[in-house]
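Structure record follows, encoded as C-alpha cells.
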Amino acid sequence: MTRFDSAKEKYAALGVDVDRALSLLASKAISIHCWQGDDVTGFENTGEALSGGIQTTGNYPGKARTPAELMADFDKAASLIPGKKRINLHASYAIFKGERVDRDKLLPEHFDAWIAYAKERGYGIDFNPTCFSHPMVKDGLTLSSPDEEVRRFWIDHCIACRRIAAYIAKELGSPVLNNVWIPDGYKHVPADRLGPRARLAAALDEIFAEKLDGVIDCVESKVFGIGVESYTTGSNEFYMSYAASHPGVYNLLDNGHYHPTEMVGDKIPALLTFFDKVPLHVTHPVRWDSDHVVLLDDEVKEIATEIVRCDALDKVLIGLDYFDASINRVAAWVIGTRNMEKALLNALLMPHAKLKELQDSGSFTEMMMLQEECKTLPLGDIWEKYCEMQGVPADASWYEEIRTYEKEVLSLRK
Ligand code: RNT
Ligand code: ZN
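Heads up: the sequence shown begins at 88 in our numbering, then just goes up one per residue.
Laid out in C-alpha cells, this is it:
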C-alpha cells in the first residue's frame with residue numbers, strides 16, 4: 088500500500104473524502120501578486136522611492152527590472168507551484184509601447200502585453216490602482232487630500248483603473264478584482280478626523296459611479312503605516328461601513344492590517360454573514376505590517392479553515408500580498424504560494440461536519456480532542472500526491488531549480 092493510500096484510509100475513517108479535497112483544491116485559484124518580483128518598483132522608471140508607509144527591506148541580488156524579466160521570473164515560480172493561478176497587477180506595471188502617460192491617463196492598451204501573457208497561460212488577472220510612490224501624493228495624501236487638484240488626479244487614476252479592469256475581464260472572460268488601497272493618514276494626532284473621511288467617501292462615490300461589467304470592486308483598510316502612525320483615513324470601520332452601504336463594493340481583509348491579536352480567520356465568517364464575496368490579502372506580518380513571506384502558520388491555517396468550513400471557496404477571493412527583498416524573490420513566491428495551497432489542503436482534510444455537530448451538541452471535550460488529533464494526520468502524504476498530480480515537485484527538490492535559475496539567470500543581472 089502506498090503512503091497516499093494509507094493516509095487516505097486514515098482520513099476516510101474520520102469521514103473525510105480525500106479525492107473531493109484534491110479536486111476542490113485544484114479548482115481554487117490563488118491570485119499571486121506580481122510585486123514580489125521587483126520590490127513593488129513597477130515599470131515607470133521615474134526614480135520615485137516606494138512610499139505610502141509600506142517598505143521592502145533587503146537587497147538580495149537579481150530583482151526583475153523589465154517586463155520580460157518579471158514575466159520570466161513569474162513563469163519560473165509558477166512552474167513550481169501547484170494549483171490554479173491568477174496574476175495580481177498594480178497600475179504601475181503598465182507596459183508602454185510608445186509614449187508614456189501619467190497614471191491618471193492610463194488606458195486598457197497599456198496592459199495588452201499582460202493580457203496576452205495571462206491568456207497564453209490560462210491565468211486570470213486582478214488589478215490595483217497605484218496610489219503611492221508618485222509626486223502627486225502630497226503630504227502623504229491622495230483621495231482624502233484637502234487639495235482639489237490632488238484628489239482629482241487620484242480619482243481619475245482610480246476611474247482609469249476600473250476601466251482597465253473591465254477591459255481585462257472582457258478579454259479574459261474572467262472577472263477582475265479591482266482593489267483600492269490608499270496610504271492616506273497622519274503621523275501626528277490630527278485636528279480633524281471627520282473631514283478626510285468625508286472627502287474619501289465622496290471620492291469613492293465618484294470612482295464607483297460608472298457601472299462596469301466584470302469588475303469586482305473592493306476597498307482595503309489598514310490600521311497604520313510607517314510614518315502614518317496616528318491616524319489612517321481608510322480605517323477598518325470606515326471601509327466596512329462604506330462597503331456595507333454600497334452594494335457591489337467589497338471590503339478586502341489584509342491580515343497585516345489589524346492589531347496583532349486580531350485574527351482575520353474570525354473576520355471571514357463575520358463578513359460572509361452579510362457579503363457574497365470576501366477578498367483577501369494573505370501576508371505574514373511580523374510585529375507590524377511587515378509583509379514577510381506567507382508561512383504555514385496558525386493564522387494562515389485558520390484563514391484557510393474558515394474559508395473551507397464556511398463552504399466559501401467560491402466567495403472568498405484569495406490574493407497574496409508580501410514583498411521580501413532579503414531572499415531570492417522567485418523562491419519567495421514559491422514558498423508563500425505553496426504555503427497557501429498547503430493551508431487550504433489542510434483545511435479541506437478536516438472533518439468539518441463532525442466537528443460542527445460536536446459543537447452544536449455541546450460535546451466540547453470531544454470537539455477539542457478531535458481538533459487536536461487532526462493536527463497530526465498525514466497531510467504531507469496527500470500534499471505529495473497533489474503535487475504529483477499537478478506536475479510540480481512534491482518535496483524540497485524544487486529548490487534545486489531555483490539554485491540553477493539564480494546561477495544562470497538572476498546572477499547575470501547587474
Ligand atoms: C499596503 C497594502 C497594499 C499594498 C499593495 C502593494 O499596506 O497592503 O495592498 O501592499 O497594494
Ligand atoms: Zn494588502
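Backbone N, C-alpha and C fix where the C-beta goes; we use that ideal spot for every residue, glycine too. Bear in mind the structure is a predicted one, so any value in this text is a computation, not a measurement.
Residue i versus the options, residue with shortest Cα-Cα distance
{"i": "residue 372", "options": "341, 198, 106", "result": "341"}
{"i": "residue 412", "options": "124, 108, 374, 97", "result": "124"}
{"i": "residue 108", "options": "343, 414, 332, 472", "result": "472"}
{"i": "residue 99", "options": "148, 437, 269, 262", "result": "437"}
{"i": "residue 291", "options": "317, 243, 476", "result": "243"}
{"i": "residue 177", "options": "318, 407, 230", "result": "407"}
{"i": "residue 347", "options": "309, 366, 339", "result": "309"}
{"i": "residue 140", "options": "382, 226, 423", "result": "226"}
{"i": "residue 337", "options": "398, 311, 267", "result": "267"}
{"i": "residue 369", "options": "404, 358, 397, 357", "result": "404"}
{"i": "residue 303", "options": "212, 498, 272", "result": "212"}
{"i": "residue 379", "options": "352, 365, 350, 419", "result": "419"}
{"i": "residue 110", "options": "460, 491, 428, 442", "result": "428"}
{"i": "residue 414", "options": "453, 147, 126, 103", "result": "147"}
{"i": "residue 126", "options": "224, 89, 179", "result": "179"}
{"i": "residue 240", "options": "192, 358, 384, 361", "result": "192"}
{"i": "residue 441", "options": "312, 501, 104", "result": "104"}
{"i": "residue 312", "options": "344, 324, 294", "result": "344"}
{"i": "residue 315", "options": "384, 228, 262, 409", "result": "228"}
{"i": "residue 320", "options": "276, 433, 295", "result": "276"}
Residue i CB to nearest heavy atom of the ligand ZN below 7 Å
{"i": "residue 177", "result": "no"}
{"i": "residue 379", "result": "no"}
{"i": "residue 368", "result": "yes"}
{"i": "residue 307", "result": "yes"}
{"i": "residue 341", "result": "yes"}
{"i": "residue 384", "result": "no"}
{"i": "residue 408", "result": "yes"}
Residue i: CB within 7 Å of a non-hydrogen atom of the ligand RNT
{"i": "residue 312", "result": "yes"}
{"i": "residue 394", "result": "no"}
{"i": "residue 268", "result": "yes"}
{"i": "residue 241", "result": "no"}
{"i": "residue 271", "result": "no"}
{"i": "residue 122", "result": "yes"}
{"i": "residue 376", "result": "yes"}
{"i": "residue 433", "result": "no"}
{"i": "residue 117", "result": "no"}
{"i": "residue 365", "result": "no"}
{"i": "residue 141", "result": "yes"}
{"i": "residue 315", "result": "no"}
{"i": "residue 215", "result": "yes"}
{"i": "residue 127", "result": "yes"}
DSSP-derived helix/strand/coil call for residue i
{"i": "residue 184", "result": "coil"}
{"i": "residue 45", "result": "Given that the chain is displayed from residue 88 to residue 501, the structure contains no residue 45 and the question cannot be resolved."}
{"i": "residue 297", "result": "coil"}
{"i": "residue 116", "result": "strand"}
{"i": "residue 422", "result": "helix"}
{"i": "residue 277", "result": "coil"}
{"i": "residue 171", "result": "strand"}
{"i": "residue 370", "result": "coil"}
{"i": "residue 361", "result": "coil"}
{"i": "residue 402", "result": "coil"}
{"i": "residue 303", "result": "strand"}
{"i": "residue 240", "result": "helix"}
{"i": "residue 212", "result": "strand"}
{"i": "residue 395", "result": "helix"}
{"i": "residue 229", "result": "coil"}
{"i": "residue 319", "result": "strand"}
{"i": "residue 436", "result": "coil"}
{"i": "residue 431", "result": "helix"}
{"i": "residue 98", "result": "helix"}
{"i": "residue 106", "result": "helix"}
{"i": "residue 177", "result": "strand"}
{"i": "residue 445", "result": "helix"}
{"i": "residue 197", "result": "helix"}
Is it the case that the region 311-330 contacts the region 386-395, given that we only count it when at least three CB pairs across the two stretches are under 8 Å? no
So, does the region 165-182 touch the region 110-122, judging by three or more C-beta pairs under 8 Å? yes
Hey, is the region 249-258 in contact with the region 281-291, meaning 3+ C-beta pairs nearer than 8 Å? no
When the Cβ atoms of the region 151-161 are set against those of the region 424-434, are three or more pairs found closer than 8 Å? no
Within 8 Å, do at least three Cβ pairs link the region 133-149 to the region 212-222? yes
Taking one C-beta from the region 467-482 and one from the region 88-106 each time, how about it: are there three or more such pairs within less than 8 Å? yes
Taking one C-beta from the region 206-217 and one from the region 391-402 each time, how about it: are there three or more such pairs within less than 8 Å? no
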